[in-house]
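Engineer:
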Amino acid sequence: MTTRFVGWDLTDPFARAPRPVDEAVLDAKGHVRFSQRVWPCADARHGLDPDALREAFPVEPGDVVVVDGPQALANPGTRVRDAERRLRAPGRTPDVLPLPGAPFAGFVRGSVLLFAALRGRAGVPLLDLDTPEPSRARLFEAFPGATWRTLAVEKLGGKATPEGRARRQALLEAEGLRFVDGRPCTHDQLDATVCAWLGWLTRTRPGDITAVGLPLTQDPDGTLREGRILDLG
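Set out below in structure tokens:
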């Protein structure tokens, strides 16, 4: 079975015109290729069909997938997940599924629904809930902003600027990654690549990663809560 390391930089599926999701696929030799995924249409109640999500975001049997987006809700009575607070993530996931409209609300809602669909419909194992070992889980969450801070030895500059993108790409190339198409990467592609690279580390250099936050749990009604975020250790 061929293992691919897949990173998704999620967007808001409830936006008026949802942007495609940038996907980075890293192979065992360190080659990075880019593509995009398109969100399925939301229904009138701001829902996303789990089967449509599984088809729009396919996960092959050998894939290790890392997503820039929250995997679960906060514990009851709290306004932010422990991992998000500790890693200073700008998007804060509450204890109930937010309705689109407020900043980050649609992004959070779509991400939580996607994780639930991939585990429930596709059976992709999540850390803590399905296995205690990162080397056995195949679906993770990451926050690239925190990983860039750890990876850099000096300030990288704005991620949307040409200089900031070039310096981030150089950091990944120094880790042995090679960008196949040879063109300058967008900052969304670079964030997706960081996600894929963290997945690669779970299999090749597990001592270099850590999982920040509270373990993932499941309520009796199936709601996923908290969950740890991959980062460099």
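Numbered per my numbering, the sequence shown spans residues 891 to 1123. Every residue, glycine too, gets a C-beta built ideally from N, C-alpha and C.
(1) Write down every uninterrupted run of the beta strand (DSSP E) in the region 918-997 whose length is 3 residues or greater and which is fully enclosed by it, in chain order.
(2) Once you ignore the five residues that flank T1107 on each side, which residues in its own chain have a CB closer than 6 Å to its CB?
(3) Would you list, in sequence order, the uninterrupted beta strand (DSSP E) runs of no fewer than 3 residues that lie entirely inside the region 1083-1122?
(4) Here's the rule: buried if 16 or more other CB atoms are within 10 angstroms of the residue's CB, otherwise exposed. What is G959?
(5) Return the first residue and the last residue of the alpha helix (DSSP H) that G897 is part of.
(6) Reducing DSSP to helix, strand and coil, say where L1061 ends up.
(7) What span of residues does the alpha helix (DSSP H) with L1041 cover, start to end?
(8) Expressed to the nearest angstrom, what Euclidean distance is found between the alpha-carbon atoms of G991 and G967?
(9) Below 8 Å between beta carbons: does that hold for T1083 and L1104?
(10) Output the distance between the C-alpha atoms of R1058 and P1110, rounded to the nearest integer angstrom.
(11) Can you name, in chain order, every residue of its own chain whose Cβ lies under 6 Å from the Cβ of P1015, other than the five neighbours on each side?
(12) If the criterion is Cβ atoms closer than 8 Å, does the pair P910 and V928 meet it?
(13) Which same chain residues, not among the five before or five after W1087, have their C-beta less than 8 Å away from its C-beta?
(14) Following the continuous beta strand (DSSP E) through P912, name the residue where it begins and the one where it ends.
(15) For a quick check, are the C-beta atoms of W979 and L1120 less than 8 Å apart?
(16) Output needed for I1099: all residues of its chain with C-beta closer than 8 Å, excluding positions within five of it in sequence on either side, in chain order.
(17) Between which residues of its own chain and G920 is the CB-CB distance below 6 Å, once the five residues before and five after are set aside?
(18) Write down the C-beta distance between P1074 and R1055 rounded to the nearest angstrom, noting that I regard them as a contact closer than 8 Å.
Structural biologist: Inspection of the coordinates gives the following:
(1) Counting only runs of 3 or more, we get 921-927 and 954-958.
(2) Only R1115 meet the Cβ criterion.
(3) Complete beta strand (DSSP E) runs here, min 3: 1099-1102 and 1119-1122.
(4) Under the 10 Å beta carbon count, G959 is surrounded by 16 or more other beta carbons and is classified as buried.
(5) Not the alpha helix (DSSP H): G897 falls in the beta strand (DSSP E), residues F895 to D899.
(6) L1061 falls in the helix class under three-state DSSP.
(7) Annotation: the continuous alpha helix (DSSP H) that includes L1041 extends over P1034 to L1041.
(8) For G991 and G967, the distance between alpha carbons rounds to 22 Å.
(9) In this structure, L1104 does not lie closer than 8 Å to T1083 by Cβ.
(10) Approximately 42 Å, taken between the alpha carbons.
(11) Excluding five sequence positions before and after P1015, the CB atoms of its chain that fall closer than 6 Å to its own CB belong to T1021, A1027 and R1028, given in chain order.
(12) Taking the C-beta atoms as reference points, V928 is found nearer than 8 Å to P910.
(13) The residues are F895, G897, L916, L1062, E1065 and L1067.
(14) The amino acid at residue 912 is misidentified as Pro; the sequence shows Asp. Run containing D912: V911 to L916, per the beta strand (DSSP E) assignment.
(15) In the sequence as displayed, the identity of residue 979 is Ala instead of Trp. With contacts defined as CB atoms closer than 8 Å, A979 and L1120 fail to qualify as a contacting pair.
(16) Hits under 8 Å: P1024, L1088, L1091, T1092, L1120, D1121, L1122 and G1123.
(17) Here the set comprises G1066, L1067 and R1068.
(18) Contact flag correct, Cβ pair sits at about 6 Å.
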